[in-house]
Amino acid sequence: MTLLFLPFLLPFTYGSNILVWNPTLGHSHVRFMGNIADILSKEGHNVTIFSPHVDPRVTPFGNKYPATTIQFNSPYNNNDDWMKMEIIGKSLWEMPPVEGMCLSFDDWDIYTEVVHGICRGLLDDKNLLHRLRESKFDIALHETYDLCSVGIFEVLGISKTIALSALGMTAYLNEVAGLPPLPSFIPGK
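Residue numbers (the numbering used here): 45 to 233.
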């Protein structure tokens, strides 16, 4: 008789099906998104980490808890492209100063070409897109520097997204969020 009531005593929970977009741009970014994936996994959510290959020196595994990880290598990119960047191999603090930017224009061109290659390669991979679409994700997470992810989420039919930043609030993020600029971070504003 007691066993009959047991199902009613258990808490009813529903875990969301979450896609975490986590390209291998840098160890700290992969770890940041991996930590978020771990928190979600521990709370009972079904987490899939989609990891486009960018930097050959960075592992796509920033998480410790169970999650499905899908690695993607675009046929339009190769390791040599990324390794040509001036900032590669140097500490950010050792780089020559660049007016108002963290990357040189040449590095920015390489970065945008690599991201373009990821988008193009993924859009060409109909089987992978179908697999991701069939997963019926409830929500997707991505960092703010990656514009490809937003377009792919649209293609996959994911209407709820969360933009994250490991870098703190920037003037751009304040503007998007409808917040006034913070003068302590942006002199002259």
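Don't be surprised by glycine CBs; every beta carbon is placed ideally from N, CA and C.
Distance between residue j and residue i (C-alpha atoms, nearest Å)
{"i": "M127", "j": "L223", "result": "37 Å"}
{"i": "Y216", "j": "H160", "result": "21 Å"}
{"i": "V199", "j": "R101", "result": "30 Å"}
{"i": "T205", "j": "P96", "result": "18 Å"}
{"i": "N123", "j": "M213", "result": "31 Å"}
{"i": "E219", "j": "L147", "result": "22 Å"}
{"i": "L172", "j": "T112", "result": "14 Å"}
{"i": "I131", "j": "D151", "result": "7 Å"}
{"i": "G201", "j": "R175", "result": "12 Å"}
{"i": "P239", "j": "A221", "result": "Nothing can be reported for residue 239, as the shown portion of the chain is limited to 45 through 233."}
{"i": "N90", "j": "R177", "result": "15 Å"}
{"i": "T92", "j": "S85", "result": "10 Å"}
{"i": "L47", "j": "E187", "result": "Note that L47 scores 47 on pLDDT, short of 50, meaning its location in the model is unreliable and no value can be drawn from it."}
{"i": "C192", "j": "Y155", "result": "12 Å"}
Proximity below 8 Å, CB of residue i to CB of residue j
{"i": "D82", "j": "Y109", "result": "yes"}
{"i": "V98", "j": "V194", "result": "no"}
CA nearest to the CA of residue i, picked from the options
{"i": "E88", "options": "S95, F94, I80", "result": "The sequence shown places Gly at residue 88, not Glu. Checked all of S95, F94, I80; the closest Cα to G88 is I80."}
{"i": "S72", "options": "G106, L176, A207, A221", "result": "G106"}
{"i": "L208", "options": "F149, T68, M77", "result": "M77"}
Three-state secondary structure assigned by DSSP to residue i
{"i": "S179", "result": "coil"}
{"i": "F149", "result": "helix"}
{"i": "S85", "result": "helix"}
{"i": "L50", "result": "Unreliable placement is indicated for L50, whose pLDDT of 47 sits below 50; no coordinate value is reported for it."}
{"i": "T92", "result": "strand"}
{"i": "V194", "result": "helix"}
{"i": "A215", "result": "helix"}
{"i": "L172", "result": "helix"}
{"i": "V102", "result": "coil"}
{"i": "L223", "result": "coil"}
{"i": "H186", "result": "strand"}
{"i": "N61", "result": "strand"}
Contact with chain D by residue i, beta-carbon distance below 8 Å
{"i": "K204", "result": "Considering every chain present, this structure includes no chain D. It has just one protein chain."}
- Message: Within 8 Å, do at least three Cβ pairs link the segment 114–129 to the segment 148–165?
- Response: yes
- Query: If you pair each beta-carbon of the segment 60–71 with each one of the segment 178–193, do three or more pairs fall below 8 Å?
  - Reply: yes
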